[in-house]
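What follows is one structure encoded as structure tokens, with my remarks underneath.
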Amino acid sequence: MGLLDKEFSDGNIVIAKVDDLMNWARLSSIWQLGFGLACCAIEMMATSASHYDFDRFGVIPRNTPRQADAIIISGTVTLKMATRIKRLYEQMPDPKYIISMGSCANCGGPYWEHGYHVLKGIDRVIPVDVYVPGCPPRPEALLEGLLKLQEKIRNESLRKKIA
Amino acid sequence: MALKTETMVLNMGPQHPSTHGVLRLELDIEGELILGVKPHIGYLHRCFEKHAEAMTYPQVIPYTDRLDYLAAMGNNFGYVTTVEKLLGIQIPERVEYIRVIMAELQRIASHLVAIATNGADIGALTPFLYLFRDREYILSLFEMTCGARMLYNYMWIGGLSHDIHPDFVRKTKEFIIHFRPTIVELNNLLTFNKIFIERTANIGILPVDTAINFGASGPVLRGSGLPFDVRKEDPYSIYNRFDFEIPTGKGLVGTVGDCWDRYYVRVLEMEQSLRIIEQAIDKIPEGDVHSAIPKRIKPPKGTVYSRVENPRGELGYFIISDGNLNPFRVKVRAPSFVNLELMGELCKGHLVADVIAILGSLDIVLGEIDR
Amino acid sequence: MKNPEEIFELLKTEFADVILGIDKETPTEPIIAVDPTQISKVGLFLRDNVALKFDSLMVLSGVDDANGTKVKDEDGTDMISGGTLSVYYHLHSTNLKHKITLKVSTPRENPQVESVYNVWRTSDWHEREAYDMFGIIFLNHPDLRRILMPYDWEAGYPLRKDYKNPEFYKGMKVPY
Amino acid sequence: MYQFLYDLIGNEILAGLLVAVVPLTIILVFALFGIWLERKVSAHMQDRLGPMRTGWHGWLQTVADLMKMLQKEDIIATDADKTLYNIAPVLVFTGSFAAYAVIPFSSKLLGSEVEIGLFYVLAISSLVVAGILMAGWSANNKYSLLGAMRAAAQIISYEIPTALIVLSMVMLTGTLSLDKISQMQTSSFWNWNIFGGAIFGLSKFLLIPFMIVGALIIFTSTLAEVNRVPFDIPEAESELVAGYFTEYCGMKWGMFMLAEYGNMFAVSAIIAILFFGGYQSPIGYLGNSIGAQWLVPFEQGFWFIAKGLTLVFVQMWLRWTLPRLRVDQLMTVCWKYLIPFAFINLIIIGIISLI
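Chains as they are written, first to last, in the working numbering: chain E, 38 to 200; chain G, -6 to 364; chain F, 23 to 198; chain V, 140 to 494.
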């Protein structure tokens, strides 16, 4: 991580408050990597457009992985593309999050059986935070996925996890 | 001593804001000047043709949705007409009318995205959002009919999955009234914007003979001035009953066949689609949309090639049947696949910024290029 | 405007031993069979003859006919040996509005078809796709590489009926 | 301002510090506000709402963005030139913020009353080019390099029409001090330079059309200098991914962003001073009429910021309306249209001011 890559062993009120503030900043400004794969990308664009307006949650597309916080895998990942996605993921600075959007990215979707060139689930390549089901998911579903991701970020902490 | 110079290879994509998905372009550039463009495709190869061989005939329809995901109705339409041709069955009038209305609405929705992304590539972001807003209107019409926003699985072999909603006719008429002024607004905001014209006129000129030799179709071919439209040329369904024109590129602000012409053909086509819908919407006859759906689809042995006019051009399905429940081979003639071949030809001698304009005017969908 | 039989007769008189026959059995469209090593010459004639003017190649499709004999491989997988692969050409004339379908068949073990790249430029990517999916070699094609599959795909040609998918590709598990 | 504070506090060091800190704070706050404003303006133009979840109508959005950026990992690519890569954002940031040192926010609130304020602004804002070139070159990324080359060509070209218009204003007013130019346009909007300045007679009416042309030229060329649409080709999102700062992440990129918005206000302020009366009120001061002299500087501050923000709003408005020009067209606009017109304008204003 960037500024705060240290884990604190004991929690106290200061760390708890700092946690809240930092988490609030991260969750209210999730910039997605402007990058579409397949059908779901159109729904992702529709989510950013006027009717659903992703920007309400502070989400704006950044085209370079260096400035993005979240990557929305919007569509079928093929074997040819999977290596590139992995590379994009590696180019993003920590902390970074991944939303897997749609059945194809979750598990291969309708291409699970005969798709000789389809990766059956993006989680075989990179770790996923939130899975959004649907083929393609409605924009509302993607917004729900984003809210779930925000919830996940809200519960992160600088404190060392007690095993 | 002379300085050693070499050309730079710039990789555009697969992750790039204006490659419309996962296209990769390899640009040979000298400064900003393009020496050559090599498209690399296949990043979305989803094995459609293999799936088609493994599925029964009706099961293939949902996969056709996912070819050209911006015009899923058109893909359904092409596939079902091809199979119906192979089966030789007659379709109820009501089904034909509803199919035509759906296909034309889909054409408008698809052209809206094409125009929006073309504008956004050149830097006009606001029209992009306006047009997506209007597209939502059409999507809600589809949604009330079949429950899906994008990928419908609506047209079945011999019929439709659902009959139209009782409100559909009224809402569609409302849409037509709402949409006509939008085209005027679009023309004011983007089409005749001085900067937009500067960026697209006389760029990527495609002569008509090159276009034919490269197999281009749809707005790309019509932009070059040839009034070729499968709906008139080779009428399928009931298109011969409607009165509409084929808009072609006229070189209004530049040379015939430039980016602006291809763009403007799409704008004019939206108006023609509205005309077709207007003619069809009042004439939908009564009937049952499920009556002609065969219980068991087992076409005779043989081959068939049939084509329809999709928003992006001529969409053809080549089906070989060996008399089984599954097709033996389905090959899709995807319009974007063929149109994209032009990229290398059109970009020569232009600047990096023009590549984006040209690509936007070709209006490709990677789903059907890679299949 | 000519119907396929007339076009067949015209071609038969022009290229006696190159045109192999016409198949009228199919319910929708007759298919003219052509010698795979001479298809470019036939294509050029079809394109440039004033009575034909087939200026547009709508689609070029490779097909695995799967008409060979099924044999078991040493590890028990089904293989097809012998038989043919075919390529279909659907032509159309934007001027004279007629259509025709050509077909060439080539042995599965050594599939070689002449490229029609210099007749219809559109065949460039179609031929690359047929090569990618079926392994059909197009002679005289300037740039015959894989197009849809990764350039380093080694597991064969996916649309052949006896294709077996690999377990792993670059460390990624392929089957579900 | 230093003298004012020194009299007030009586401590040299403290007064000096305050002089430096107050404008910087204003600028930082403005940059934060500007980014939020851009998002809201664009959203409302596009039938959207824009940020809504962070405070009232998302007014804390930029604060959240910046705090998030502070938490991001700082990636420096192995092949990057590390020294240049690290200096570049600081240089750009400095260049854009140093310009504020001489900008008079009101008759009391100005960092430094240098006599050659205009000259200083022109000089210091050129520093940005060096920073952008360094950023583009050191990142070792082809998109960055292309963006930096475009930026250098563009900014340097557009300095010329800017300088020519500034020159004509200097000829008219006879001073390089921004504060003095502001003072000359006092008492009524009729005395603003866009209306010929605080002179009377025939020459005033002769000047008006040329002043309007001059204001348009300088607005266009400064638009290009701060890389705004339709001249945003150095960062052209749809072509060059993110232009010269493609490789920057976290707060280093945040510095570029703050500098961009700082620059936007700086050039708007310069135009406001040159043509629209600077901090002068168009309708007189409430403080003067009710006899509360201490109110006047605050009123002046209000007018100045209002004028600056109006111009910033116009910049945003253009950004969300127009497409983007191409490189060669951009150069055509500058060398074939703006520069000749600026020269003609310069000569005519010179002749008129001799009358």
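In this text, a Cβ means the ideal position worked out from N, Cα and C, and glycines have one as well.
Three or more Cβ pairs closer than 8 Å define a contact, and the region 85 to 101 of chain E meets that threshold against the region 178 to 190 of chain V. At a cut-off of 8 Å, the C-beta of M171(F) has a neighbouring C-beta in chain G. Among the CB atoms of chain V, one or more fall inside 8 Å of the CB of T101(E). Boundaries for S327(V): no alpha helix (DSSP H) harbours it, and the DSSP string shows neither H nor E there. By the rule that beta-carbons nearer than 8 Å mark a contact, Y168(E) does not touch chain F. T123(F) is positioned such that its CB atom lies no closer than 8 Å to that of S78(F). With a 10 Å radius around the Cβ and a threshold of 16 neighbouring Cβ atoms, T115(E) comes out buried. Taking a C-beta distance under 8 Å as the contact criterion, N68(G) and T57(G) qualify as a contact pair. Contact annotation: in the region 106 to 138 of chain E, residues whose CB is within less than 8 Å of a CB in chain F are L116, K117, A119, T120.
P479(V) carries a helical assignment under DSSP once its states are collapsed to helix, strand and coil. Contact with chain G is found for I53(F), since one of that chain's Cβ atoms lies less than 8 Å from the residue's Cβ.
An exposed status is given to G43(F), since fewer than 16 other beta-carbon atoms sit within 10 Å of its beta-carbon.
Per the coordinates, the alpha-carbon of V56(F) lies some 10 Å from the alpha-carbon of Y111(F). Using a Cβ-Cβ cut-off of 8 Å, K221(V) does not count as an interface residue toward chain E, since no Cβ of chain E sits closer than that to its own.
Annotation: I115(G) to K319(V) spans about 43 Å, alpha carbon to alpha carbon. For the 8 Å CB-CB criterion, K43(G) and H151(E) form a contact.
One Cα belongs to S377(V), the other to T84(E), and the distance between them is close to 19 Å. In this structure, G35(G) sits near M171(F), with a CB-CB distance shorter than 8 Å.
Cβ contact annotation for V141(F) (same chain, cutoff 7 Å, sequence separation greater than five): S62, G65, L66, R69, in chain order. Taking CB atoms only, M273(V) has no neighbour in chain E less than 8 Å away. Cβ proximity to chain E below 7 Å picks out Q200, A203, D204, M206, K207, L209, Q210, K211 from the region 198 to 211 of chain V. Counted as a single uninterrupted DSSP element, the beta strand (DSSP E) harbouring G29(G) occupies residues 26 to 33. One Cα belongs to L318(G), the other to P287(G), and the distance between them is close to 13 Å. The criterion of a C-beta distance shorter than 8 Å is satisfied by V241(V) and G256(V).
Around P180(F), the beta-carbon contacts reaching into chain G at under 8 Å are C40, K43. CA-CA distance, I54(F) to K125(F), rounds to 6 Å. By the Cβ neighbour-count rule, E28(F) is exposed, with fewer than 16 other Cβ atoms within 10 Å of its own.
Burial is judged here by how many other beta carbons sit within 10 angstroms of a residue's own beta carbon; Y130(G) has at least 16 and is buried. Of the residues assessed, L341(V) falls on the exposed side of the cut-off, its CB having fewer than 16 other CB atoms within 10 angstroms.
Taking the beta carbon of E181(E) as reference, no residue of chain G falls within 7 Å; the closest one sits roughly 16 Å away. Between Q322(V) and R63(E) the beta-carbon gap is near 48 Å, outside 8 Å, which marks them as no contact.
P98(E) is bridged by DSSP to Q69(E). Proximity of chain E to P320(G) at the Cβ level (cut-off 9 Å) is not reached, the minimal Cβ distance being about 13 Å.
Between W61(E) and A408(V), the C-beta gap is not smaller than 8 Å, which leaves the two residues out of contact. Remark: three or more beta-carbon pairs, one from each stretch, lie closer than 8 Å, so the region 329 to 341 of chain G and the region 200 to 212 of chain G are flagged as touching. With respect to chain F, the C-beta atom of V258(G) has no partner C-beta closer than 8 Å.
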